[in-house]
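S.K.: Provided herewith is a single structure, encoded as structure tokens, for subsequent inquiry.
Protein chains: 2
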Amino acid sequence: MPEIRSLEVFYWVAQLNSFRRAAERLNTTQPAVSQRVAALETELGLRLFDRAARSVSLTPKGRELLDYAERMLRLRADMMRAVAAPAALSGLMRLGVSETIVHTWLAKFIERVNSTFPGITLDIVVDVSPNLRDALVVHELDMAFLLGPVSQPNMTNYDLCRYPLAFVVRSDIDLGPEPVPLARLTEMPIITFPKTTRPYLTLRDTLSRAELPAPRIFSNSSLSTIVRMTEDGIGISVIPPVVIPRELATGALRIVRTDVKLPDLAFTASLPLTPDGLIADPVAQLAREIAQA
Amino acid sequence: MPEIRSLEVFYWVAQLNSFRRAAERLNTTQPAVSQRVAALETELGLRLFDRAARSVSLTPKGRELLDYAERMLRLRADMMRAVAAPAALSGLMRLGVSETIVHTWLAKFIERVNSTFPGITLDIVVDVSPNLRDALVVHELDMAFLLGPVSQPNMTNYDLCRYPLAFVVRSDIDLGPEPVPLARLTEMPIITFPKTTRPYLTLRDTLSRAELPAPRIFSNSSLSTIVRMTEDGIGISVIPPVVIPRELATGALRIVRTDVKLPDLAFTASLPLTPDGLIADPVAQLAREIAQA
DNA sequence: AGAGGTTACGGGCAGCGTAAGGATC
DNA sequence: GATCCTTACGCTGCCCGTAACCTCT
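Chains as they are written, first to last, in our numbering: chain B, 1 to 293; chain H, 1001 to 1293.
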């Protein structure tokens, strides 16, 4: 009789249409996946996949089985949540995080996860939101804290927090009387996130509306570097001030008062709904609590 | 994460309130059961059973888990029935059978089971109905073909066939003009099934209604022996004639025409409904088809 | 040639059975 | 002492990972 583990392997091969990707998803090797699926096929006495050269696809019977496998995995996850001691929930959770989050509440979050679910290992990747989004979609991440909802079937999004963007500059740099007009701001280089990111795009949008000479924009994927460059007086940065409380407190940096409106950065916890997601949802709720505190 | 096998072991321990009986039911040893349950408890981080000296009982969390375990086993059984090739269904089926069935359609039934479910091993026990009933109740049998429905929670009964009872005697024994009155019948010893069985009891009942001297009754649990004794002219047997077509055809035995009414023997296929019963129901339907043909 | 799946093979470990231990009636 | 569960221990067999092989583009 098939064990759940076999059905789980089958599920991911079916879901990802690939033995190799399923192996990655399950932290094992591709031959191990091959073998388990083969064993399952023998056990059931039928073929589950059509192995074409460049792709695998489910047979009709395989499609039927997929439904059962999914219910089985869901049932087990429900069971674990319902009866297992929280400390007994173990596993790896691959989490993608925007750097803004790293500089605000990520440490507290990790601490809370570790105390609530001691069995869970967090594997944290820091990257910009678009990359996190892509990784989520192909199941290379189990969850991500990133900008904006990810619109994708089977993806759930929980609002976490909104942080205003601001122009930040070294305190001793004089920009003249405040509120500082946009034209004055753009005389210095602007330092912000990479081209693919939301802050960059909204900034570019704001600037292009005003009919000004295109300013120099330095983009950098490392928030720390942006802060450092700003401290060095290289330019004005456009970042959420919430990530630099210390620099503001010491007076190293200051927020430029201006009438230029930049939309807030809205972060969500986004996660693909999988039937075997044991603690993804509880962890997302935890993130929500912490982000809003 | 717990595998189904562990939940199955847990289920049977909970169901039978005994590690030892669960081991028997699962064809394994008692320490193996102990170990699996202990491992499950460790994995979930909680105690599932209260081990008292003479009995085990579920803890509250255990009771919760039992519900999930049952659903899991049921789901797997459904899955197997739905998608597995019939030949892939393998396992042991412990079947109890009344001897009457042995002498009528059991051979054909076995043949049909073997061709429909080649993977299934039938373990057949022949005994009288009351013993079969008891064995069913304590899960020592997975199914039985026996007299009358077994009224018990979780027990399902399918009507199989009804066979009339008759007085049978050696052909050359003259009992006088027919229909033979009861008083005449009871002048010879009566040979039939053991005291605990329905035929014996109904016969005894019939005899006691008529106010006659108590006849001698030879009871024997072997139908073949009853037939043999009848052929030897030792007495008149009360058996379903359907079991002796050959003796009737050759003229060795004959049915005594009489007005004495004996109720029919009504056979059922009875089986405890267990969530892991893979093919019990299909097999019972098979028996039904054959019994009624 | 390279991507992706299968087959072959060796080693580690889970889980089984045997046997001994302990508790309770 | 008998019953029933647990613990100890050696062993088997499953399953995994490495590596070689096959096949199609």
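Even glycine gets a Cβ: it sits at the ideal position worked out from N, Cα and C.
So for H:G1062, helix, strand or coil by DSSP?
M.R.: Helix at H:G1062.
S.K.: If we ignore side chains and look at the alpha-carbon of each, how far apart do H:Y1158 and H:S1270 end up?
M.R.: Near 6 Å, if we compare the C-alpha coordinates of H:S1270 and H:Y1158.
S.K.: Which residues in the same chain have their Cβ closer than 6 Å to the Cβ of B:V33, if we skip the five residues on either side of it in sequence?
M.R.: If we look at B:V33 and ignore the five residues flanking it on each side, its Cβ neighbours are V9, F19, A22, A23.
S.K.: Start and end of the beta strand (DSSP E) containing B:I239?
M.R.: Run containing B:I239: 236-239, per the beta strand (DSSP E) assignment.
S.K.: Does DSSP put B:T104 in a helix, a strand or coil?
M.R.: Three-state result, B:T104: coil.
S.K.: Report yes if the CB atom of H:A1084 is closer than 8 Å to the CB atom of H:G1277, and no otherwise.
M.R.: Going by C-beta atoms, H:A1084 is not nearer than 8 Å to H:G1277.
S.K.: Roughly how many angstroms lie between the CA atoms of B:G45 and B:N27, to the nearest whole one?
M.R.: The straight-line gap from Cα to Cα measures roughly 27 Å.
S.K.: In the stretch 1232-1291 of chain H, which residue ranges form an unbroken beta strand (DSSP E) of at least 3 residues, counting only runs that do not cross its ends?
M.R.: The qualifying runs are 1236-1239, 1253-1255, 1265-1272.
S.K.: Go through its chain and collect everything with a Cβ distance to B:R47's Cβ below 7 Å, but skip five positions before and after it.
M.R.: If we look at B:R47 and ignore the five residues flanking it on each side, its Cβ neighbours are E41, T59.
S.K.: Cα separation between H:R1054 and B:E3?
M.R.: Using only the alpha carbons, I get a separation of about 33 Å.
S.K.: Since H:K1061 meets chain B, which of its residues come closer than 8 Å, beta carbon to beta carbon?
M.R.: Neighbours of H:K1061 on chain B, chain order: V83.
S.K.: Using a Cβ-Cβ distance under 8 Å, would B:E3 count as near chain H?
M.R.: Yes, contact with chain H.
S.K.: One question on the structure: do B:V283 and B:M80 come within less than 8 Å of each other, judged by their Cβ atoms?
M.R.: Not closer than 8 Å, so no.
S.K.: Is there a Cβ of chain H sitting closer than 8 Å to that of B:G45, yes or no?
M.R.: So yes, B:G45 belongs to the interface.
S.K.: Just grab the DSSP bridge partners of H:M1188 for me.
M.R.: For H:M1188, which the question treats as bridged, DSSP gives no partner whatsoever.
S.K.: Please name the residue or residues paired with B:S219 in a DSSP beta bridge.
M.R.: Bridge partners of B:S219: B:T192.
S.K.: Looking at the secondary structure, which residues open and close the beta strand (DSSP E) in which H:F1117 lies?
M.R.: Looking at the DSSP string, H:F1117 is not in any beta strand (DSSP E), and its letter there is neither H nor E.
S.K.: Is the stretch 247-258 of chain B in contact with the stretch 131-148 of chain B, if contact means three or more CB pairs nearer than 8 Å?
M.R.: Judged by Cβ distances under 8 Å, the stretch 247-258 of chain B makes no contact with the stretch 131-148 of chain B, as fewer than three pairs qualify.
S.K.: Could you compute how far the alpha carbon of B:V97 sits from the alpha carbon of B:L141?
M.R.: Whole-angstrom Cα-Cα distance: 10 Å.
S.K.: Identify the contact partners of H:E1064 in chain B, using a Cβ-Cβ distance below 7 Å as the criterion.
M.R.: The answer, in chain order, is A82, V83.
S.K.: In whole angstroms, give me the CA-to-CA distance for H:N1154 and H:P1275.
M.R.: Going from the Cα of H:N1154 to the Cα of H:P1275 covers about 11 Å.
S.K.: For B:L75, return the contacting residues in chain H, with the cut-off set at a CB-CB distance below 8 Å.
M.R.: Within 8 Å Cβ-Cβ: Y1068, R1071, M1072, L1075.
S.K.: Apart from the five residues just before and just after B:Y163, which ones in its own chain have a Cβ nearer than 7 Å to its Cβ?
M.R.: Contacts found: T100, P240, V242, D264, L265.
S.K.: Between the Cα of B:E247 and those of B:M93, B:H103, B:Y11, B:V150, spot the shortest distance and give me the residue it belongs to.
M.R.: When each option's Cα is compared against that of B:E247, the closest is B:H103.
S.K.: Under 9 Å between beta-carbons, which chain B residues line up against H:A955? List them in chain order, please.
M.R.: Outside the displayed range of chain H (1001 to 1293) lies residue 955 of chain H, so it cannot be described from this structure.
S.K.: Under 8 Å between C-beta atoms, does B:M79 make it to chain H?
M.R.: True, the Cβ-Cβ gap to chain H drops below 8 Å.
S.K.: Decide if H:G1251 is buried, meaning its Cβ has at least 16 other Cβ atoms within 10 Å, or exposed.
M.R.: It is exposed - the Cβ of H:G1251 has fewer than 16 other Cβ atoms within 10 Å.
S.K.: Can at least three beta-carbon pairs, one atom from the stretch 1169-1180 of chain H and one from the stretch 1222-1241 of chain H, be found at a separation below 8 Å?
M.R.: With the cut-off at 8 Å, the stretch 1169-1180 of chain H and the stretch 1222-1241 of chain H touch.
S.K.: Let me know the secondary structure DSSP gives H:N1027 once reduced to three states.
M.R.: DSSP places H:N1027 in coil when its eight states are reduced to three.
S.K.: Are the CB atoms of B:A316 and B:P118 nearer to each other than 8 Å?
M.R.: Outside the modelled stretch of chain B, which goes from 1 to 293, sits residue 316 of chain B, for which no answer is possible.
S.K.: Counting only runs that start and end within the stretch 146-180 of chain B, where is the beta strand (DSSP E) found for 3 or more residues in a row?
M.R.: Runs of the beta strand (DSSP E) inside the stretch 146-180 of chain B: 155-163, 166-170.
S.K.: Tell me whether B:R20, by its Cβ, gets closer than 7 Å to a heavy atom of the ligand FMN.
M.R.: Absence of the ligand FMN from the depicted structure is noted, as is the absence of any ligand whatsoever, leaving it without description.
S.K.: B:N220: which of B:T197, B:I124, B:T192 sits nearest, CA to CA?
M.R.: Among B:T197, B:I124, B:T192, the Cα nearest to that of B:N220 is on B:T192.
S.K.: Pull up the distance between the alpha-carbon of B:L207 and that of B:P31, whole angstroms please.
M.R.: Straight-line Cα distance between these residues: approximately 54 Å.
S.K.: Taking the alpha-carbon positions, what's the B:R184 to B:T202 distance?
M.R.: Going by the C-alpha atoms only, they are around 19 Å apart.
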